[in-house]
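Numbering (this note's numbering), first residue to last: 12 to 593.
Have a look at this one:
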């Protein structure tokens, strides 16, 4: 299936949910167009013809027909457009919600390869394109095509020659439009891609303002944007220049056909093959065709543009996730938080090289285990596999002897509290950030978690307290404050399993102590897997696993591993600033 057809198919899944408003819109909007632009002019022309022949009885009759037709056209237009507005609002709302839901369901591999600014731009373009496509196909195109068919049929019943001229004009103009679309398709695709790049670059630069300013990168960022904007401008000017040129050709063609038709019509009138009413109708009909075909050309261009804009998101939504729930996946309930990794191998989808090699590890319920090793040893990969951000290439990971793949991803992650190395905060209130893992928590529970995380003191000193907005990614807070909010969030979630990727940034001694106290409270009574960097944390853990190039090379307590005088002992010996060197 082509991308364009796939886009229309995706839209149709939402359109068909609201059949009543769709059919009212689909039938009445084009019908009103046909009545007003074809049927009404026909009765007007017949009225003029009857008046010319001084046949006042027929003139009155045709005039009444015109009034009734106009009245029905206005009513159909009113009901049709009300249905369209109602239908469009509901469809766009449903499309916006469902597309966002599908994006949230994408796996972490997907987000690792996408710029958030560009992704946001594609999301907006995809939603906007549905409105454009619906307007073009229902409001404009169907009504015009209906008017064209009926009008041409009326002309054909009176003069085959004039009908052939009209059909010839339509065919030539449509061929010219198709050629135009073919010539412009690459320019428009490039414009869309550059526009997405611009949006992504703007979002990337603004998000990383701290780096931009501290490394005086404002001019570099501006220059980079300027180059992209110039490329976009050149393509835009090329496209517009072509449109102006083809528009002139189209005007010449339409005027020429009108002159030819008028000449032929006068000749036909002279020999008695047509009457004056037919000539009046044909000339008004040609004006309609000329103006609408110009519009139709832009509509078809607009349709192609809308399909092109929707294409990136269409492809993203159609792409299958690497991690999916099995049809038989169940929810985790009342499990013993014992974790077992059996002969686990892992490699990235696009790589043959193993990141993890035959990992065998049993973590009893309630044990606190530290993962230690150089950068790239596989520590973070293990935490991602436990969260099912990816699936093992071979082997298995179980909780309470149940394979992770037997659980739904949602219920699995509900049993795991996660504190990342760089705390991720929403640009929302402190209250919302702390309660994110448990939105129905009471005020007392939120405050209790904040106190346990040693965050309540600084929160209470803020003018708005828990209602304080933290800024983009928590920029209004210090590093230590962000870490304590992330810990409070994990405490409030109260999950039986904890994954902790300790921050490697050095903090002042007061923040260091507060965070260590918070982590001690956080790990109490929980099965904890810690990617450990801090010496004070490592020494307190029940067990330490040393990884090297994706393999477990040492396993034991802090004292046992020091006594072995192996890799861990060397790492410990090379400690720097309170951290194990990676």
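Just so you know, even glycine gets a beta-carbon here, dropped at the ideal spot from N, CA and C.
It should be emphasised that the depicted structure is a prediction, and the values quoted were computed from it without experimental measurement.
List the whole-angstrom C-beta distance separating residue 61 from residue 73, where the pair is believed to meet the contact cut-off of C-beta under 8 Å. 6 Å
Short check: CB of residue 429 to CB of residue 398, under 8 Å? In contact: residue 429 and residue 398 (Cβ atoms closer than 8 Å).
Can you check which of these residues, 101, 541, 190, 444, is closest to residue 480 by C-alpha distance? Nearest of 101, 541, 190, 444 to residue 480, Cα basis: 444.
Output the residue ranges of the beta strand (DSSP E) runs that lie fully inside the segment 463–517 and measure 3 residues or longer, sorted by chain position. 508–512
Starting from residue 451, trace the alpha helix (DSSP H) both ways and give me its first and last residue. No alpha helix (DSSP H) holds residue 451; DSSP gives it neither H nor E.
Considering only DSSP beta bridges, list what residue 428 is partnered with. Partner(s): 509.
For the candidate residues 66, 107, 558, 509, whose alpha-carbon lies nearest to that of residue 431? 509
Would you tell me roughly how many angstroms separate the C-alpha atoms of residue 517 and residue 530, rounded to the nearest one? Note that residue 517 has pLDDT 47, beneath the 50 cutoff, so the model's placement of it is unreliable and the number below is only indicative. Rounded to the nearest angstrom, the two C-alpha atoms are 16 Å apart.
Given 8 Å, three or more beta-carbon pairs between the segment 487–495 and the segment 393–411: no
For residue 565, the three-state DSSP class (helix, strand or coil): Look at residue 565 here: in three-state DSSP terms it is strand.
Rounded distance between the beta-carbons of residue 276 and residue 285, thought under 8 Å: 7 Å
Span of the alpha helix (DSSP H), counted from its first residue to its last, around residue 68: 67–115
So the candidates are 139, 176, 177, 330; which of them puts its Cα closest to the Cα of residue 9? Residue 9 falls outside the range modelled here, since the chain spans only 12 to 593, and no answer is possible.
Leaving out five residues before and five after residue 515 in sequence, what residues of the same chain have Cβ atoms less than 6 Å from its Cβ? The predicted position of residue 515 is uncertain, since its pLDDT is 48 and thus under 50; a value taken from the coordinates is nonetheless stated next. Short of 6 Å from the beta carbon of residue 515, and not among the five residues preceding or following it, lie these beta carbons of its own chain, in chain order: 544.
Indicate the three-state DSSP secondary structure (helix, strand or coil) for residue 577 in the structure shown. coil
Short check: CB of residue 166 to CB of residue 296, under 8 Å? yes
Spatial neighbours of residue 250 within its chain, please: CB distance less than 8 Å, with the 5 preceding and 5 following residues excluded, ordered by chain position. 195, 198, 199, 202
Could you check where the alpha helix (DSSP H) with residue 14 kicks off and where it finishes? 14–26
Between which two residues does the alpha helix (DSSP H) carrying residue 137 extend? 127–145
Three CB pairs or more closer than 8 Å across the segment 371–381 and the segment 340–356: Contact between the segment 371–381 and the segment 340–356 is present, because at least three Cβ pairs lie under 8 Å.
Alpha carbon of residue 335 to alpha carbon of residue 38, nearest angstrom: 42 Å
Considering only their Cβ atoms, is the gap separating residue 95 from residue 8 smaller than 8 Å? A query on residue 8 cannot be resolved here, the shown segment of the chain reaching from 12 to 593 and no further.
In terms of DSSP beta bridges, what is residue 560 paired with? Residue pairing by DSSP places residue 560 opposite no residue, since no beta bridge is assigned to it.
Would you mind sorting residue 43 into buried or exposed? The rule is 16 or more other CB atoms within 10 Å of its CB. buried
Rounded C-beta distance between residue 56 and residue 288? I'm assuming under 8 Å. 5 Å
Mind reading off the beta-carbon distance from residue 141 to residue 22? Whole number of angstroms is fine, and I expect it under 8 Å. 5 Å
Out of 561, 192, 494, 233, point me to the one whose CA is closest to residue 319's CA. With distances taken between Cα atoms, residue 319 lies closest to 192.
Within the segment 376–415, note down every full alpha helix (DSSP H) run reaching 4 residues or more, in order along the chain. 390–397
Identify the residues that DSSP records as bridge partners of residue 356: which are they? Residue pairing by DSSP places residue 356 opposite 405 in a beta bridge.
Identify the residues that DSSP records as bridge partners of residue 351: which are they? 373, 409
Identity of the residue in 419, 127, 91 nearest residue 594 by Cα: Given that the chain is displayed from residue 12 to residue 593, the structure contains no residue 594 and the question cannot be resolved.
Are the Cβ atoms of residue 151 and residue 310 separated by less than 8 Å? It is a contact, given that the beta carbons lie within the stated cut-off.
Three-state secondary structure (DSSP) of residue 368: strand
Pick helix, strand or coil for residue 169, following the three-state DSSP scheme. coil
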